[in-house]
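Counting from 1, position 52 in the sequence shown corresponds to residue 108 in this note's numbering; the numbering is continuous, with no gaps.
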Amino acid sequence: MNFINQLISDSFFNAIGWTIFHSFWQGALITIVVGTVLLIFSSRSSRFRFNLSFIGLILIFTIVMITFFQVYQTNENIYLNALVIQTSISADQVTEVYDSAQQVNSEKFIAAIKMFFSNNLSYIVTFWFVGMLIFSLKFLGGILYIEKIKTTQTIPLPEKWKSKIDELFLKVKLKKPVKIIQSAILNTPITIGYIKPVVLLPIGLISGFPSNQIEAIILHEFAHIKRNDFLLNVIQTIVETVLFYHPGVWLLSSIIRSERENCCDDFVIESTGDSLSYSKALYNLQNHIKLNSKLVLAANGNENQLYRRINRMSGQTKNKLSLGIKFVALLLVLTLIAAASFYAPKSYAFNPSEISKARIYKPNLVSSVGLKFSDKINFSQIDTIKLKKGKRTLRFTEEESGEKVHYKAKLNNGKIESLYKDGEKIAAEEHSKYEDKVLK
C-alpha cells in the first residue's frame with residue numbers, strides 16, 4: 057500500500073477511492089433503470105435489449121470518469137487553498153454550527169458508509185489496483201491469443217466452398233472484405249478483428265456438417281461482422297477491466313453477451329428461414345471444446361447459453377425468466393447493503409460535552425452553510441475525539457515559513473503509525489515532534 061502511495065499523489069489516490077465509493081450508487085441506479093425498462097419491455101426485440109444494455113454500460117463508465125475528474129479537481133483545490141484554523145470553543149457554542157451542518161450532511165447510514173471508506177481508503181484503492189492489473193493481464197492475454205490463432209496452423213477453404221461464401225457475402229451485404237480460413241487449433245467457429253475481420257472455421261467442420269448447417273454458422277459469424285460486435289466487445293471488456301468490482305457492470309455485461317448472440321441468431325433465421333437446421337448446427341457445435349478468451353466471438357457460446365438460445369428459437373421464454381431472476385438478485389444485494397449500513401458502528405456520534413477544539417480544512421465551505429468567517433470570531437465545528445478509536449488516515453495542509461506543507465498521517469487508536477511531509481516519510485523516532493500538530 058505504501059508503494060502505491062509513493063507512485064501517485066495523495067489527490068490522485070484520494071480521487072480513485074471516492075470515485076469507487078460514488079460508482080456503487082451511480083452504477084446501481086443506472087442498472088436498476090435499465091433492468092426495469094427491460095422487464096417492462098421484455099417482448100421487444102433482442103436488438104432493443106442489446107442496445108439499451110450497452111448504452112447503460114457505457115453510461116456507467118462515462119459517469120464514473122466524470123466523477124473521478126471532478127473529485128480529483130476538488131482534491132487539488134483543497135490542497136492548494138486549505139489552511140488549518142484552530143480555535144478554542146465551549147460546548148454550548150457548538151449547537152448552532154451543528155444544526156447548520158446537519159442541513160448539508162447526508163443521512164446517518166450514508167455517513168457510516170463514508171466513514172468506512174475514509175478509514176479503509178488505502179485498502180480499497182490497493183484492491184482496485186490489484187484487481188485491474190489482473191483483468192488487464194487477462195485482456196492482454198486474450199489479444200495475444202487472437203494474434204496467435206490467426207497465423208498458426210491455418211489452411212484455406214476448399215475451392216468448391218469459395219463460390220458459396222461469395223453468395224453469402226452478397227446476401228448479407230457486408231461493406232468490408234472478410235477472410236475465411238480453417239484452423240487446426242480451434243474446435244468452434246470464431247470471428248476476430250474489426251478493420252480486417254477474419255472468420256476461422258475448425259478443420260473438419262466443412263466435411264463433418266451438412267452444407268445448410270455450415271451456411272447458417274457462417275451467416276452467424278457474418279452477422280457479428282455486420283454489427284461491429286468485435287469492436288463493441290473490446291469496449292465492453294475495457295469497461296469490465298476498470299469497473300471489475302461492480303455487480304451492475306457484470307449484470308449488464310451478461311445481458312449484452314446473451315442478447316448479442318440472440319441478435320445474430322435472429323439474423324440467421326431471417327436470412328435462411330430454417331430455425332430447425334440452425335438449432336441442430338448449434339447443438340453439434342457444443343460437442344467441440346469451448347474457448348477461454350472472451351475477446352473472440354464464437355457461434356455456440358457456453359452450454360447454458362446454447363440451451364437458452366435453442367429454447368428461444370423454439371418459442372419458449374426461459375431467457376426472459378433468467379433476466380428477471382438476475383435483476384431481482386441484484387436488487388436483493390443492494391437492499392442488504394443498505395440495510396447493513398444501519399448497523400454500522402456509530403463512532404461518529406455527536407456529543408457536545410466532549411468538544412474542545414475545531415479544525416477547519418476548507419474555510420470557503422463556511423459560506424456554503426450560511427455562516428460568517430473572520431479573524432475576530434470563534435468558529436466552531438464538531439470535534440473528532442471519538443474518531444481516534446481505530447485506524448484512520450488524516451490529511452491536512454499547514455503554512456510554515458510562508459510555504460504550504462502537506463501532511464499525511466496514519467493513526468491507530470490516536471497514535472501515529474506513519475507520517476509523511478510533502479510526500480517524504482518521517483522517521484518513527486521523530487513522530488513525537490509532530491504529535492501536537494497532528495493530534496491537537
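Glycine residues also receive a C-beta, built at the ideal position from the N, C-alpha and C atoms.
- [ ] Drop a sphere of 10 angstroms on the beta-carbon of F117, count the other beta-carbons inside from all chains shown, and report buried for 16 or more, exposed for fewer.
- [x] Around the beta carbon of F117, a 10 Å sphere encloses 16 or more other beta carbons of the protein chains shown; the residue is thus reported as buried.
Task: Supposed close pair V295, E277 - CB separation, criterion 8 Å - done: Contact flag wrong, Cβ pair sits at about 24 Å.
TODO: Consult DSSP for P408 and reduce its assignment to one of helix, strand or coil.
DONE: Confidence is the limiting factor: at P408 the pLDDT is only 44, short of 50, which leaves the residue's position unreliable, though a coordinate-based value still follows. Residue state for P408 is assigned as helix, using DSSP reduced to three classes.
Task: For S48, the nearest candidate out of L338, P258 and K229 (CA to CA) - done: What is shown of the chain runs 57 to 496, which leaves residue 48 out entirely.
Open item on the list: Within 8 Å, do at least three Cβ pairs link the segment 104-113 to the segment 195-207?
Closed with: No: fewer than three Cβ pairs fall under 8 Å.
Task: Pairwise C-alpha distance: L213 and T244 - done: T244 and L213 have their alpha carbons spaced roughly 15 Å apart.
TODO: Kindly indicate which residue of V298, N175 and V234 has the alpha-carbon position closest to the one of L189.
DONE: From the listed residues V298, N175 and V234, the smallest Cα separation to L189 is found for V298.
Task: Buried or exposed by the 16-neighbour rule on C-beta atoms within 10 Å, applied to I345 - done: The predicted position of I345 is uncertain, since its pLDDT is 48 and thus under 50; no value can be drawn from it.
Task: For A465, three-class secondary structure by DSSP - done: Correct three-state label for A465: strand.
TODO: Give the DSSP-derived three-state secondary structure of K216 in the structure shown.
DONE: Correct three-state label for K216: helix.
Open item on the list: Taking 7 Å as the cut-off, is the beta-carbon of I241 closer than that to any non-hydrogen atom of the ligand SAH?
Closed with: This structure does not include the ligand SAH; it has no bound ligands of any sort.
- [ ] Go ahead and pull the three-state DSSP assignment for Y476.
- [x] It is a strand residue.
Open item on the list: I want to see whether chain D comes within less than 8 Å of I248, judged by CB atoms only; does it?
Closed with: No chain D appears in this structure, which consists of one protein chain only.
Open item on the list: Between the alpha carbons of G112 and A84, how many angstroms are there, rounded?
Closed with: Those two C-alpha atoms are separated by around 11 Å.
- [ ] Return the chain-ordered list of same chain residues with a C-beta closer than 7 Å to the C-beta of L450, the five sequence neighbours on each side being excluded.
- [x] The beta carbon of L450 sits closer than 7 Å to the beta carbons of A465, L467 and V494 from its chain, once the five residues preceding and following it are set aside; these are given in chain order.
Open item on the list: In this structure, how does DSSP classify S331 when only helix, strand and coil are distinguished?
Closed with: Looking at S331 - three-state DSSP - the assignment turns out to be helix.
TODO: Determine the extent of the alpha helix (DSSP H) in which I96 is found, giving its start and end residues.
DONE: Secondary structure note for I96: its alpha helix (DSSP H) is the uninterrupted segment D66 to I96.
Task: Cβ neighbours of S412 in the same chain (closer than 6 Å, five flanking residues each side left out) - done: With a pLDDT of only 44 at S412, under 50, the local geometry of the prediction cannot be trusted, and the value read off the model is given with reservation. Take S412, set aside five residues on each side of it, and no residue of its chain has a beta-carbon closer than 6 Å to its own.
Open item on the list: Can you find the residues in the same chain that come closer than 7 Å, C-beta to C-beta, to K460, ignoring five residues on each side of it along the sequence?
Closed with: The residues are T453.
- [ ] Label G73 either buried or exposed according to how many other C-beta atoms from any shown protein chain fall within 10 Å of its C-beta, with 16 as the threshold for buried.
- [x] Residue burial is scored here from C-beta neighbours: G73 has at least 16 other C-beta atoms within 10 angstroms and is therefore classed as buried.
Task: Beta-carbon proximity of T247 to I281, cut-off 8 Å - done: Contact: yes.
Open item on the list: Tell me which residue opens and which closes the alpha helix (DSSP H) that I294 is part of.
Closed with: I294: member of the alpha helix (DSSP H) spanning D285 to V298, first to last residue.
Task: Test item: CB-CB of V324 and Y334 under 8 Å - done: Yes; because the gap between Cβ atoms is below 8 Å, this pair is in contact.
Task: Delimiting residues of the beta strand (DSSP E) encompassing L450 - done: Boundaries of the beta strand (DSSP E) around L450: K447 to E456.
- [ ] Would you mind reading off the limits of the beta strand (DSSP E) that contains V234?
- [x] Segment: none, V234 is in no beta strand (DSSP E) and carries neither H nor E.
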